[in-house]
Amino acid sequence: MKSRDIALVGILLAAGAIARYISLFVPGAIVADLTIAFYCLAIILVVPKFKEALGIGVVAGIICAVFSHSIFPLGNLISAPIGAVVCLAVYKLVKDHTRLAPAISTAIATPASGFTFITVTCFLMFFTTETTVATVLAFAIALIPIVMSAMVVNVIIAQIIAMPATSVMQKTKTVIKTAHTEAAPSDSVALDKLTFTYQAADTPSLENISLKINPGEFVVVNGPSGAGKTTLARAISGVLVHAYGGTVVGNVSLYGKYADEYKDVTELSEKVGMVFDDADAQLIFTTVEEEILTGLETRDLPEAEVRKKLDEIYKITCTGHLTDRAPHNLSGGQKQRVAMAAALSRETPLLVLDEATSELDKNARRQVYTLLKGMTAKGHSIVLIEHMIDETIGYATRMITMNEGRIVYDGVPKPENTNYPTLEKTAPTHEVVLEAAHVTHKFPEVLALDDVSVSFFKGEIAAILGENGSGKTTLVKHLNGLLRPDAGSVLLKGEDIASRSIPEIAKYVGLVFQNPDTMLFENTCEKEIQFGLKNIGKSDASPAASLAAVGLAGKAKMNPRHLSRGERQKLALACVIATGQEIVIMDEPTTGLDPKESYEIMRVLTGMRNDGKTILMVTHDPVLAGRYADRIIEMEAGKITAVRGGE
1199 MKSRDIALVG ILLAAGAIAR YISLFVPGAI VADLTIAFYC LAIILVVPKF KEALGIGVVA
1259 GIICAVFSHS IFPLGNLISA PIGAVVCLAV YKLVKDHTRL APAISTAIAT PASGFTFITV
1319 TCFLMFFTTE TTVATVLAFA IALIPIVMSA MVVNVIIAQI IAMPATSVMQ KTKTVIKTAH
1379 TEAAPSDSVA LDKLTFTYQA ADTPSLENIS LKINPGEFVV VNGPSGAGKT TLARAISGVL
1439 VHAYGGTVVG NVSLYGKYAD EYKDVTELSE KVGMVFDDAD AQLIFTTVEE EILTGLETRD
1499 LPEAEVRKKL DEIYKITCTG HLTDRAPHNL SGGQKQRVAM AAALSRETPL LVLDEATSEL
1559 DKNARRQVYT LLKGMTAKGH SIVLIEHMID ETIGYATRMI TMNEGRIVYD GVPKPENTNY
1619 PTLEKTAPTH EVVLEAAHVT HKFPEVLALD DVSVSFFKGE IAAILGENGS GKTTLVKHLN
1679 GLLRPDAGSV LLKGEDIASR SIPEIAKYVG LVFQNPDTML FENTCEKEIQ FGLKNIGKSD
1739 ASPAASLAAV GLAGKAKMNP RHLSRGERQK LALACVIATG QEIVIMDEPT TGLDPKESYE
1799 IMRVLTGMRN DGKTILMVTH DPVLAGRYAD RIIEMEAGKI TAVRGGE
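For the sequence shown, this note's numbering assigns the number 1199 to the initial residue and increments by one for each residue that follows.
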């Protein structure tokens, strides 16, 4: 079973255990076994192999034996596995013929399990106690109504839950329509006429893609948001056919096996390291050292070798000073470094990085590119999804450009045209609308802000510039009340916000997070915007104008999780545009966007500024700041070191 299926089975068996425990408080020697409904549900939703179904039955039997009224609880160790196997067999027979397959399979599995339990119990009663045949038969007959009543309840539970649950499961199910007729190449990654369409999507995200990634290649992939770059990265890494619902036509092969022949993502991870655009999704341990050490420990290396390689990874990724830090307390760029270090610890032949340098400053990106180029010299293959194409020239050996799900260029890296018109701006005022006064904030491991004082004016774009970990994000989280200072104060229109709640502050100050996924949770783009509008009493307003302003017209009904990183960034901005706060804080507003898309976002922000809005823009891109900001505020080690412009 895939890891996702194991988790689902575990949840359902836990629910069965709870139901079984509650049954202990029901009077009577034997009560209806509702655990059957939950292990049948697990089998119906996962459709495991018979051996795996038997295992599910054994676990269910142990649960029933532990929480049992019966004088012979061990009978459950036989009855539950039989019920599980019967459920699987029946479900496989009828699932393609009727929507009542969950009810039918549970209806047969329940008496199969129940009558097996009765038979085993009667056998044990007769041979281990002084009980007559008549008494045993009377006991068995008395249990029949209990079994049948359990069947009715289990059928209802299974059918009611299975229908919506199956629909959800199908959204993450991958249908492969092409048979494998040839052996997969043994030394490379290959996509052969691959077309992939996400579940419920109208058009393919990848269309007729054929390419081969050879050992020692450094391939950079670019293209506009929504071009299919992330889907291509998922395909190259093999996870597309395991973790994302949709339809596959064509083949994906990795190092001698087709992607669907790998058991699961865990087995794939032995061949492929992947760093996602959202580092938070990969960092699950309590310290940085645990994140990196785990990959080394899975390789069965001697302890001395593990320590040696750990020190090497710290050095090449510049993470040695973060070893005891909690990943969730790191800056966005630091998180990306740690995620990359964790991927490097496995030393896989292929490393796929999807916008994995998007939150790093320019010097840090160059360090990463140098590191990746060094890996190719050792035979590793690198695939980098990147918008900063000009910076990769001299490092990458091949460039693939995508548009609308197709490869439109595959060849030597070449620079992009990044000359866009200058935006007209009105003169800013000198009216202070937001101010930090001697703000200090300390995390357990680091002094994040050290006596910071700065003012922001109505009708300006102020860029807060600094390297990763300099305190930029921590500062802006104080400006909208998400963090409270250990010392000092934050003033909104001259009034201290210390006594104000976050919702009160949010009426005036909007924030678009560095990671847009932290603020997107609805199942359509228009619902995301409507949620914010309802919170400020504008539930009758239309989200269409806000979506159009950021270039997402026509995607109102689309699920945000199916958007690219850049499109999700645009959607987060649209949510703030719709609510109309006077002050808008953008934490890395152009992350995941190519130069043309960055220009379009800055055009929108400049228009808001000209309308009297105050825009605070956190960035590590000095070119972006110099081109569009009225003032540049430079930070380093939790302090403001310089303020330029706005004289």
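Note that beta-carbon positions come from the ideal geometry of N, C-alpha and C, so glycine has one too.
>> Please give me, in chain order, every unbroken run of the alpha helix (DSSP H) with length at least 4 that falls completely inside the segment 1652–1687.
In response: With a minimum length of 4 residues, the continuous alpha helix (DSSP H) runs that stay inside the segment 1652–1687 are 1670–1677.
>> With the cut-off set at 8 Å, would you say residue 1307 and residue 1273 are in Cβ contact?
In response: One thing to note: residue 1307 has its Cβ no nearer than 8 Å to the Cβ of residue 1273.
> Counting along the chain, where does the beta strand (DSSP E) carrying residue 1451 start and finish?
Replying inline: From DSSP, the beta strand (DSSP E) with residue 1451 extends over 1444–1452.
> Looking at the unbroken beta strand (DSSP E) that takes in residue 1607, where does it start and where does it end?
Replying inline: Residue 1607 -> beta strand (DSSP E) spans 1604–1609.
> Apart from the five residues on each side of it in sequence, which residues of its chain come closer than 7 Å, Cβ to Cβ, to residue 1846?
Replying inline: With the chain covering 1199 to 1845 only, the question about residue 1846 has no answer from this structure.
> Which residue or residues does DSSP assign as beta-bridge partners of residue 1829?
Replying inline: DSSP output for residue 1829 lists 1660 and 1843 as bridge partner(s).
> What residues in its chain sit with their C-beta under 6 Å from that of residue 1823, if we drop five residues either side in the sequence?
Replying inline: So the qualifying residues of the chain are 1661, 1663, 1817 and 1830.
>> Is the beta carbon of residue 1236 closer than 8 Å to that of residue 1206?
In response: Against a cut-off of 8 Å, the Cβ pair of residue 1236 and residue 1206 comes out as no contact.
> Which two residues bound the contiguous beta strand (DSSP E) that contains residue 1588?
Replying inline: For residue 1588, no beta strand (DSSP E) encloses it; the enclosing alpha helix (DSSP H) starts and ends at 1587–1590.
>> Please tell me whether residue 1657 and residue 1627 are closer than 8 Å, where the distance is taken between their beta carbons.
In response: Yes, Cβ-Cβ distance for residue 1657 and residue 1627 is below 8 Å.
> Can you name, in chain order, every residue of its own chain whose Cβ lies under 8 Å from the Cβ of residue 1507, other than the five neighbours on each side?
Replying inline: So the qualifying residues of the chain are 1494, 1499 and 1543.
> Per DSSP, what kind of secondary structure is residue 1212 in: helix, strand or coil?
Replying inline: In the three-state DSSP reduction, residue 1212 falls in the helix class (H, G or I).
> Which value, in whole angstroms, describes the spacing of the CA atoms of residue 1845 and residue 1731?
Replying inline: Caution is warranted here: a pLDDT of 44 is assigned to residue 1845, below 50, making its placement in the model unreliable, and the coordinate value is therefore given only provisionally. Taking the straight line joining both Cα atoms gives about 37 Å.
> Quick one: is residue 1832 buried, meaning 16 or more other Cβ sit within 10 Å of its Cβ, or exposed?
Replying inline: It counts as buried.
> Where does residue 1347 land, buried or exposed, given buried means 16+ other C-beta within 10 angstroms?
Replying inline: Exposed.
> Looking at residue 1574 and residue 1524, is the spacing between their C-beta atoms short of 8 Å?
Replying inline: For the 8 Å CB-CB criterion, residue 1524 and residue 1574 do not form a contact.
>> Our contact map puts residue 1595 next to residue 1416 with C-beta atoms below 8 Å; I'd like the distance itself, whole angstroms only.
In response: The C-beta distance from residue 1595 to residue 1416 rounds to 5 Å, short enough to meet the 8 Å contact threshold.
> Going by DSSP, what residues sit across from residue 1708 in a beta bridge?
Replying inline: Residue pairing of residue 1708 in beta bridges, as defined by DSSP: 1782.
> DSSP on residue 1292, reduced to helix/strand/coil?
Replying inline: Under the three-state reduction of DSSP output, residue 1292 falls in the helix class.
> Out of curiosity, what's the CA-to-CA distance linking residue 1564 and residue 1581?
Replying inline: Near 16 Å, if we compare the C-alpha coordinates of residue 1581 and residue 1564.
>> Could you check whether residue 1418 and residue 1547 sit closer than 8 Å to each other, using their CB atoms as the reference points?
In response: With a cutoff of 8 Å on beta-carbon distance, residue 1547 and residue 1418 are scored as not near each other.
> Helix or strand or just coil, what does DSSP make of residue 1772?
Replying inline: In the structure shown, residue 1772 falls within a helical segment according to DSSP collapsed to helix, strand and coil.
>> How far does the beta strand (DSSP E) with residue 1639 in it extend, from its first residue to its last?
In response: In the DSSP annotation of this structure, the continuous segment of the beta strand (DSSP E) that includes residue 1639 starts and ends at 1630–1640.
> Grouping DSSP H, G and I as helix and E and B as strand, with all else coil, what is residue 1748?
Replying inline: DSSP places residue 1748 in the coil class of the three-state scheme, outside both helix and strand.
> Once you ignore the five residues that flank residue 1404 on each side, which residues in its own chain have a CB closer than 7 Å to its CB?
Replying inline: Apart from the 5 residues on each side of it in sequence, residue 1404 sits with its Cβ closer than 7 Å to the Cβ of 1392, 1393, 1394, 1426, 1429, 1430, 1433 and 1603 in its chain, given in chain order.
> Excluding the five sequence neighbours on either side, which residues of its own chain have a C-beta within less than 6 Å of the C-beta of residue 1837, listed in chain order?
Replying inline: Closer than 6 Å at Cβ, skipping near neighbours: 1648.
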